[in-house]
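Numbering (our numbering), first residue to last: 714 to 1304. From the three backbone atoms N, C-alpha and C, an ideal C-beta is built for every residue, glycine too.
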Amino acid sequence: MRCKKLQDRLRNWQVLQLSEQNTILWLSVFVGSIGAMAAIVLKNAVHFTHSVLQHAFPETEFNYLYLAFPIIGITLTVLVIRFFIKDDLSHGVTKVLYAISKKNGRLKLHHTYSSIITSTLTVGFGGSVGLEAPITLTGSAIGSQLGSFFNLKSKSVILLTACGSTGAIAAIFNAPIAAIVFAIEVLMLDLTTSSLLPLLISSVTGTSLSYLFLGKNVMFQEIKVLDFEMWSMPFFIVLGLFSGVLSLYFMRVTHFIERKFSVISKQWKKVLIGGLSLSVLIFVFPSFYGEGYDSVVNILKGASNNLFVNSPFYYYKYNKITFVLFLFGLLIFKPFATGFTNAAGGIGGVFAPLLFLGAIAGFFLVSCLNMFLDFNLSVIHFTLAGMAALMGSVMKAPLTAIFLIADISGGHQLFIPLIITTVVSYIVFLPFEKYSIYTKSLAKQGNLITHDKNKHALSKIDVMSMLEDDFKTITPKATLKDLTVLIEESNRNVFPVVDEDKVFFGVVLLDDVRKFIFHEEYHNTPIQDYLYTPECSINPKESMMSVVVKFKRTGYYNMPVIDDNGRYYGFISRANVYTEYREIVEEISED
714 MRCKKLQDRL
724 RNWQVLQLSE
734 QNTILWLSVF
744 VGSIGAMAAI
754 VLKNAVHFTH
764 SVLQHAFPET
774 EFNYLYLAFP
784 IIGITLTVLV
794 IRFFIKDDLS
804 HGVTKVLYAI
814 SKKNGRLKLH
824 HTYSSIITST
834 LTVGFGGSVG
844 LEAPITLTGS
854 AIGSQLGSFF
864 NLKSKSVILL
874 TACGSTGAIA
884 AIFNAPIAAI
894 VFAIEVLMLD
904 LTTSSLLPLL
914 ISSVTGTSLS
924 YLFLGKNVMF
934 QEIKVLDFEM
944 WSMPFFIVLG
954 LFSGVLSLYF
964 MRVTHFIERK
974 FSVISKQWKK
984 VLIGGLSLSV
994 LIFVFPSFYG
1004 EGYDSVVNIL
1014 KGASNNLFVN
1024 SPFYYYKYNK
1034 ITFVLFLFGL
1044 LIFKPFATGF
1054 TNAAGGIGGV
1064 FAPLLFLGAI
1074 AGFFLVSCLN
1084 MFLDFNLSVI
1094 HFTLAGMAAL
1104 MGSVMKAPLT
1114 AIFLIADISG
1124 GHQLFIPLII
1134 TTVVSYIVFL
1144 PFEKYSIYTK
1154 SLAKQGNLIT
1164 HDKNKHALSK
1174 IDVMSMLEDD
1184 FKTITPKATL
1194 KDLTVLIEES
1204 NRNVFPVVDE
1214 DKVFFGVVLL
1224 DDVRKFIFHE
1234 EYHNTPIQDY
1244 LYTPECSINP
1254 KESMMSVVVK
1264 FKRTGYYNMP
1274 VIDDNGRYYG
1284 FISRANVYTE
1294 YREIVEEISE
1304 D
């Protein structure tokens, strides 16, 4: 009751004192701050868990506990979700995109904390995934809840949802520009004057809090990035080609594992199979433990031998052939480690795995060139370029990748090689994968938001929200006389023919029977003699984009909604769809 009174007072204060635009500006500070604090809490929680579990492991010995930690972490994650959260938490960024596209940015309250808890258990115990997707979902949920609390318009709620993720990403990487580009490029937020300022505020707020609590250099400390030399440019093109192929490999492997696990009905089987597979991979390649950023830092600092710590290959680290083959093994099996983690029930994203894989790709290529062909190429340059290339391709976010790597490394002088490598990789990847790893499933369902206002507007219309179910139905065994009675009671000119189980047979059109209903000699005529079967129908799960295509192709004014079992629900009117579409276009076009 007290919370309700407080909520009413805050809303009244908002109405009396601030316009909605000014309210958003103030809330963007708050959202950015909370999102950043959530990111900081998550990072520290995972770091603490790592420290406790990995304390005092001799680097020359195998860590047999690697065989147990991932299974324990995934099991705990699954138990928390099943008994406490009771909701699906996987694919965090995809959930945010779906909320923006279909739910006007509305996310459930538990998303403000549930991903922090579950991803800490998953990644802290060695799950080979990243924290960025969970923290994006967390920050977005914070913005969504605040927007809903103040009863803001849907467009404003969506903007605050993006502000939350922007503040969180900025805090994780100390990369304010990349965080804003992420909101525009990955979350597909329209860049307008009214949206840019709140994003800037949230981004700067998140970065400032990160500086305050984590220090200026969060990830890559003491990395000195020198100017690149033009003669090395062809090798960056080669890296781009290699990264494009590797990006496609990562996408295909992770989706393959997800498909295979989706047919397993028992969750404990998923945990057992995925957890054991992940544990074996981490035992052989300890660099797969957790996010993998420590391995990236070791490469950039020239301490690449640390990749072999706790590995069965530790004593072979100085052999060139073994060294290169070990790196190649990391490239081949990292997508499997990430896929097994998520498919088994762990919570995490692909952000960190892509940066890890890109770093290994760049380091692998430059090591081969330097070791076997006596080149003197920069390990740092190729490692950073590989990170940008993998991330830019798989996430379909080349600008985010370029700005992020430049920001977190302080290597803004590397813009040219970063751009070239990322663009080449993107060009190689694009013909084979039309959508990013975040949007592929949404695109298949027709729920993908785009920068095209027409498609965006249609994606926001739910088929069942347009349903009209006040049509008078008639049974297949009825006669024309029975229909005459219905005509007197109805203001419609279409009469669905359905049986007692609501199975749809077709329709009877008033125009087809008009000249017979006034003649008694036709009254005993079976209604099926006048039955018309529509050329096509609408499935309740169908996208509105598909519905519009059907209306355009058939020219129908109304179309029946029928599920896969033939069950009749009602009709959808073309006029109503276009009216709703115009209203949404007007709303999203307002600056």
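Leaving out five residues before and five after I813 in sequence, what residues of the same chain have Cβ atoms less than 7 angstroms from its Cβ? Only I871, T874, L900, I1162 meet the Cβ criterion.
The segment 971 to 986 touching the segment 1045 to 1059, judged by at least three CB pairs closer than 8 angstroms: Enough Cβ pairs lie closer than 8 angstroms, so yes.
Assign P947 to one of two classes, buried (16 or more other C-beta atoms within 10 Å of its C-beta) or exposed (fewer than that). Burial state of P947 is exposed, judged by a 10 Å Cβ sphere holding fewer than 16 other Cβ atoms.
Please report the straight-line C-alpha distance between A749 and H824, rounded to a whole angstrom. Each residue's Cα considered, the two are about 15 angstroms apart.
Under the three-state reduction of DSSP, which class applies to M1257: helix, strand or coil? In this structure, M1257 counts as helix in the three-state DSSP scheme.
Determine which residues share a DSSP beta bridge with P1239 and list them. Bridge partners of P1239: T1192.
Within the same chain, show all residues whose beta-carbon is closer than 6 angstroms to that of K1030, passing over the 5 residues directly before and after it, in chain order. Here K1030 has N1018, F1021 as same chain residues with Cβ atoms under 6 angstroms from its own Cβ, once five neighbours each way along the sequence are excluded.
Residue-chain proximity (D1277, chain D), Cβ-Cβ < 7 angstroms: Among the chains of the structure shown, chain D does not appear; only one protein chain is present.
Terminal residues of the continuous beta strand (DSSP E) containing M1272? Run containing M1272: 1271 to 1275, per the beta strand (DSSP E) assignment.
Check each candidate in L755, G840, V809 and name the one with the smallest Cα separation from A781. Nearest option by C-alpha distance: G840.
Work out the CA separation of F1142 and L961 for me, nearest whole Å. It is roughly 6 angstroms from the alpha-carbon of L961 to the alpha-carbon of F1142.
For E1293 and K1263, I'd like the C-alpha separation in whole angstroms. So the two alpha carbons sit approximately 17 angstroms from each other.
Under 8 angstroms by Cβ, that's how I've got F1053 and G1005 pegged, so tell me the actual separation to the nearest angstrom. 15 angstroms between Cβ atoms; not a contact.
Proximity below 7 angstroms, CB of V1211 to CB of F1217: Contact: yes.
Is I977 helix, strand or coil when you go by DSSP? Coil.
For the structure I just gave you, are there three or more beta carbon pairs, one from the segment 937 to 953 and one from the segment 1094 to 1101, closer than 8 angstroms? Yes, the segment 937 to 953 touches the segment 1094 to 1101.
Can you list, in chain order, the residues of its chain with a C-beta nearer than 7 angstroms to that of F1064? Leave out the 5 residues immediately preceding and following it. Cβ neighbours of F1064 beyond the five flanking positions: G843, E845, A846.
Check this for me: beta carbons of S878 and S861, under 7 angstroms apart or not? Against a cut-off of 7 angstroms, the Cβ pair of S861 and S878 comes out as no contact.
Considering only the beta carbon of each residue, do R1280 and K1215 sit closer than 7 angstroms? Yes, these two residues count as a Cβ contact at 7 angstroms.
With a CB to CB cut of under 8 angstroms and the five nearest residues on each side skipped, what residues in its chain are close to D1175? The beta carbon of D1175 sits closer than 8 angstroms to the beta carbons of K815, M1257 from its chain, once the five residues preceding and following it are set aside; these are given in chain order.
Report buried or exposed for P1144, applying the criterion of at least 16 other Cβ atoms within 10 angstroms of its Cβ. Around the CB of P1144, fewer than 16 other CB atoms lie within 10 Å, so the residue is classed as exposed.
Measure the beta-carbon distance from Y1245 to V1274 and round it to whole angstroms, keeping in mind my assumption that it falls under 8 angstroms. Incorrect: roughly 17 angstroms between the Cβ atoms, too far for contact.
Alpha-carbon spacing of N1289 relative to F1184, whole angstroms: Computed Cα separation, rounded: 16 angstroms.
Hey, out of P911, I1133, A1098, whose CA is closest to A1119's CA? Minimum Cα distance to A1119 is reached at A1098.
Let's see if you can read the secondary structure: which residues bound the alpha helix (DSSP H) around G860? Per DSSP, G860 belongs to the alpha helix (DSSP H) from 845 to 862.
Rounded to whole angstroms, what is the Cα-Cα separation between L959 and E1255? Between the alpha carbons of L959 and E1255 lies a distance of about 34 angstroms.
How big is the Cα-Cα spacing for V742 and I914? One Cα belongs to V742, the other to I914, and the distance between them is close to 6 angstroms.
Under DSSP, the beta strand (DSSP E) around V1009 begins and ends at which residues? Going by DSSP, V1009 is part of no beta strand (DSSP E) but of the alpha helix (DSSP H) stretching over 1006 to 1013.
I want to know whether the segment 1128 to 1135 touches the segment 1101 to 1114 - three or more CB-CB distances under 8 angstroms. The segment 1128 to 1135 vs the segment 1101 to 1114: in contact.
Between the CA atoms of N864 and N1204 - distance to the nearest angstrom: Straight-line Cα distance between these residues: approximately 38 angstroms.
Less than 7 angstroms between the C-beta atoms of A752 and I897, yes or no? It is not a contact, given that the beta carbons lie outside the stated cut-off.
CA-CA distance, A884 and R795? In this model, A884 and R795 are separated by some 30 angstroms (Cα to Cα).
Pick out whichever of R972, I1073, G1123, L904 has its Cα sitting closest to the Cα of F1001. Among R972, I1073, G1123, L904, the Cα nearest to that of F1001 belongs to I1073.
Please check the pair L952 and G1075, which I expect to be a contact at CB under 8 angstroms, by giving their CB distance rounded to whole angstroms. That belief holds up - the Cβ atoms of L952 and G1075 are roughly 6 angstroms apart, short of 8 angstroms.
Range of the contiguous alpha helix (DSSP H) that encloses I798: Per DSSP, I798 lies in no alpha helix (DSSP H) segment and is marked neither H nor E.
Inter-residue Cα distance where the pair is I1230 and P1209: Cα-Cα distance, rounded: 17 angstroms.
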